[in-house]
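A.B. asks:
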Amino acid sequence: MLGIRLQGVVTVIKSRLFGREIILFSVILLFVEFIRGAALISFLPIYGEKSLGLSLDIIGIAITAHYLTDTVLKMFIGYLLDRFSIRFVVHIGLLFSIAGIVLIPFAHQPWLFIAASALYGVGISPIWIVCLTRVTGDRRAMQMGFFYTIWFIGIGAGPIVSNLLLDHSRTATYYMLLAVAALSWLLALFLSNGRVSGTAPSLPVSEQFAVLKERLRHMRLLLPGMVLQTMGAGMLVPILPSFAEDKLGMNGAQYSLLLLAGGVCTIVSLMPLGRLSDMLGGKKWFLVLGFVLIGAGLYLLSLAPPMWVCILLTGVLGISYATLLPAWNALLANYVPPKQQGLGWGIFSTVEGVGGMIGPVVGGTLALWQSQTEVLLYCGIMYAAIGFFYIWFPFRAFHDHKTHG
Numbered sequence: 035m036l037g038i039r040l041q042g043v044v045t046v047i048k049s050r051l052f053g054r055e056i057i058l059f060s061v062i063l064l065f066v067e068f069i070r071g072a073a074l075i076s077f078l079p080i081y082g083e084k085s086l087g088l089s090l091d092i093i094g095i096a097i098t099a100h101y102l103t104d105t106v107l108k109m110f111i112g113y114l115l116d117r118f119s120i121r122f123v124v125h126i127g128l129l130f131s132i133a134g135i136v137l138i139p140f141a142h143q144p145w146l147f148i149a150a151s152a153l154y155g156v157g158i159s160p161i162w163i164v165c166l167t168r169v170t171g172d173r174r175a176m177q178m179g180f181f182y183t184i185w186f187i188g189i190g191a192g193p194i195v196s197n198l199l200l201d202h203s204r205t206a207t208y209y210m211l212l213a214v215a216a217l218s219w220l221l222a223l224f225l226s227n228g229r230v231s232g233t234a235p236s237l238p239v240s241e242q243f244a245v246l247k248e249r250l251r252h253m254r255l256l257l258p259g260m261v262l263q264t265m266g267a268g269m270l271v272p273i274l275p276s277f278a279e280d281k282l283g284m285n286g287a288q289y290s291l292l293l294l295a296g297g298v299c300t301i302v303s304l305m306p307l308g309r310l311s312d313m314l315g316g317k318k319w320f321l322v323l324g325f326v327l328i329g330a331g332l333y334l335l336s337l338a339p340p341m342w343v344c345i346l347l348t349g350v351l352g353i354s355y356a357t358l359l360p361a362w363n364a365l366l367a368n369y370v371p372p373k374q375q376g377l378g379w380g381i382f383s384t385v386e387g388v389g390g391m392i393g394p395v396v397g398g399t400l401a402l403w404q405s406q407t408e409v410l411l412y413c414g415i416m417y418a419a420i421g422f423f424y425i426w427f428p429f430r431a432f433h434d435h436k437t438h439g
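And the structure:
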């Protein structure tokens, strides 16, 4: 009986919500993000220092090189996805990723270690942009929630599995990452051989950029949110562990519990809130509520409350992020020209990536000049300001924007 019910649920998901192709995309995305989380958060820092004898600054540069490659290539890969088949672009990207992983054991020289990390960044962009282009109009927010749930599970499970294996063997951990990368590459053989936009674009490159420039002009009031929300998240990355230890008095296990509370609340809430956004129509108040609640939560955390309050606030932050994220990306999808989906999502992802790149630098600098508490406070003020800004954003801009061309 239970097996029949589970089979029925899977059938509904396949037929009504996502389809066989999107499920395949999501599995590849899960594997890719699993490796990214495992490599960047746990494996590369430990393997680079303990096995290769590299200094921490070189390891930091290598991780930055990964994100830089991922961000810079998004626009170029989006351009390729409009001209070549999905299978070809994703397959070649994942092949570069495997090459980067293969290089790691031989990367005793700093430049080679940095190059290996950067090569892995090449493989991240194609599958993520393809997933974004496959979101349908009637279930945009819910499907965005599904893809971000897959992303959260992958990037969260990767470090956990990697840390458990690293306690026993760094070599075994490396081969686990290589095996998962090879599996994702093999799965890419089953992807569609068509283009993301159906047919090759007929417009010259200069005219395509002119169309996208016009779209960006219409959505110029969304641009601050695109950059600032990723910059705010990036500002928190370098200071959260030390803030938890120095200001909140938490040990490693308590800090892990704090992160787990936020992650679980985000994962559980993403799809239901995405579906609610689709059902109610319009995205404005989901964005306003999400940004303001994140701002309030960060401000209250900066006051260093007791442990149980911190866990509660982290859960609220997770739900707030789940409120914001599907609606935000579904809103952006309205501005992507149908015949330029790859290039359009590539440009939008690049704009958002700029905030993620500069955020850690800003956060680290502010913490050095002042303290970790001020970084949380400033981030909270920034998120709340974005939310209040969009209260005055015209309602018509949040209705489905009919794209042409």
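Residues 35 to 439, numbered by the working numbering, are exactly what the sequence shown covers, in order.
The beta carbon of each residue, even a glycine, is placed where N, CA and C say it ideally should be.
Return the CA-CA distance between I92 and P144, expressed in angstroms with no decimal places.
C.D. replies: Spanning the two alpha carbons is a distance of roughly 6 Å.
A.B. asks: Looking at C-alpha atoms only, which residue of G393, S89, D116, L86 is the closest neighbour of A267?
C.D. replies: Among G393, S89, D116, L86, the Cα nearest to that of A267 belongs to G393.
A.B. asks: Within a Cβ cutoff of 7 Å, which residues of the same chain sit near A234, ignoring the five residues on either side of it in sequence?
C.D. replies: Here A234 scores only 44 on pLDDT, less than 50, and its place in the model should not be relied on; the value that follows carries that caveat. Closer than 7 Å at Cβ, skipping near neighbours: R117.
A.B. asks: Do you know offhand how far A99's Cα is from A149's?
C.D. replies: Cα to Cα, A99 sits roughly 8 Å from A149.
A.B. asks: DSSP three-state call for A356: helix, strand or coil?
C.D. replies: Helix at A356.
A.B. asks: Hey, quick one: how far does the alpha helix (DSSP H) through S151 stretch, first residue to last?
C.D. replies: Start and end: 144-156.
A.B. asks: Of the choices D312, C299, G390, whose alpha-carbon is the least far from that of G352?
C.D. replies: It is C299.
A.B. asks: Please say whether P160 and A72 have beta carbons closer to each other than 8 Å?
C.D. replies: No, they are not a contact pair.
A.B. asks: Using the C-alpha atoms, what's the distance from P340 back to F277?
C.D. replies: Looking at the two C-alpha atoms, the distance is approximately 14 Å.
A.B. asks: Tell me where the alpha helix (DSSP H) around H125 begins and ends.
C.D. replies: Its alpha helix (DSSP H) spans residues 120-137.
A.B. asks: At which residues does the alpha helix (DSSP H) containing G329 begin and terminate?
C.D. replies: First-last of the alpha helix (DSSP H) with G329: 318-336.
A.B. asks: Comparing C-alpha positions only, which one of S303, N363, L337 sits nearest to K318?
C.D. replies: For K318, the nearest C-alpha among the options comes from N363.
A.B. asks: Taking the alpha-carbon positions, what's the I301 to F180 distance?
C.D. replies: Rounded to the nearest angstrom, the two C-alpha atoms are 9 Å apart.
A.B. asks: Excluding five sequence neighbours on each side, which residues of the same chain lie with their C-beta closer than 7 Å to the C-beta of L86?
C.D. replies: Same-chain partners within the cutoff: A141, H142, F147.
A.B. asks: Do L400 and L359 have their beta-carbon atoms positioned less than 8 Å apart in this structure?
C.D. replies: Their beta carbons are not under 8 Å apart, which means L359 does not touch L400 by this criterion.
A.B. asks: What span of residues does the alpha helix (DSSP H) with R204 cover, start to end?
C.D. replies: First-last of the alpha helix (DSSP H) with R204: 204-221.
A.B. asks: Would you check if there are 3 or more beta carbon pairs closer than 8 Å linking the stretch 282-291 to the stretch 412-426?
C.D. replies: Judged by Cβ distances under 8 Å, the stretch 282-291 makes no contact with the stretch 412-426, as fewer than three pairs qualify.
A.B. asks: Could you give the residue range of the alpha helix (DSSP H) that holds L410?
C.D. replies: Unbroken alpha helix (DSSP H) run through L410: 406-425.
A.B. asks: Just how far apart, CA to CA, sit E83 and I135?
C.D. replies: Spanning the two alpha carbons is a distance of roughly 16 Å.
A.B. asks: With DSSP as the reference, label I189 as helix, strand or coil.
C.D. replies: I189 falls in the helix class under three-state DSSP.
A.B. asks: What's the C-alpha gap between I2 and I62?
C.D. replies: The requested residue 2 does not occur in the structure, where the chain is confined to residues 35 to 439.
A.B. asks: Short of 8 Å in beta carbon distance, which residues of its chain neighbour W426, apart from the five on each side in sequence? Order them along the chain.
C.D. replies: Correct list: empty, nothing qualifies.
A.B. asks: Where does N197 fall in DSSP's three states?
C.D. replies: The answer is helix: DSSP assigns N197 an H, G or I state.
A.B. asks: What's the C-alpha gap between V409 and G329?
C.D. replies: So the two alpha carbons sit approximately 12 Å from each other.
A.B. asks: Are the beta-carbon atoms belonging to Y101 and G389 less than 8 Å from one another?
C.D. replies: The answer is no: Cβ separation not under 8 Å.
A.B. asks: Taking C-alpha atoms, which residue in V396, S218, I126, F382 lies nearest to N368?
C.D. replies: Nearest C-alpha to N368: F382.
A.B. asks: Pick from G397, L327, S354: whose alpha carbon is nearest that of A419?
C.D. replies: Minimum Cα distance to A419 is reached at L327.
A.B. asks: Let me know if G283 comes out buried or exposed under the rule of 16 or more other beta-carbons within 10 Å of its beta-carbon.
C.D. replies: With fewer than 16 Cβ atoms within 10 Å of its Cβ, G283 is classed as exposed.
A.B. asks: Could you check if W162 is buried or exposed, using at least 16 other CB atoms within 10 Å of its CB as the buried criterion?
C.D. replies: By the neighbour-count rule (16 or more Cβ atoms within 10 Å), W162 is buried.
A.B. asks: Report all residues from its chain with a CB closer than 8 Å to the CB of T357; omit the five preceding and five following residues, and keep chain order.
C.D. replies: Excluding positions up to five away in sequence, the list reads S303, L307, F320, L323, G324, L327.
A.B. asks: Determine the closest residue to L137 out of L212, M265, L314, with distance taken between C-alpha atoms.
C.D. replies: Ranking L212, M265, L314 by Cα distance to L137 puts L212 first.
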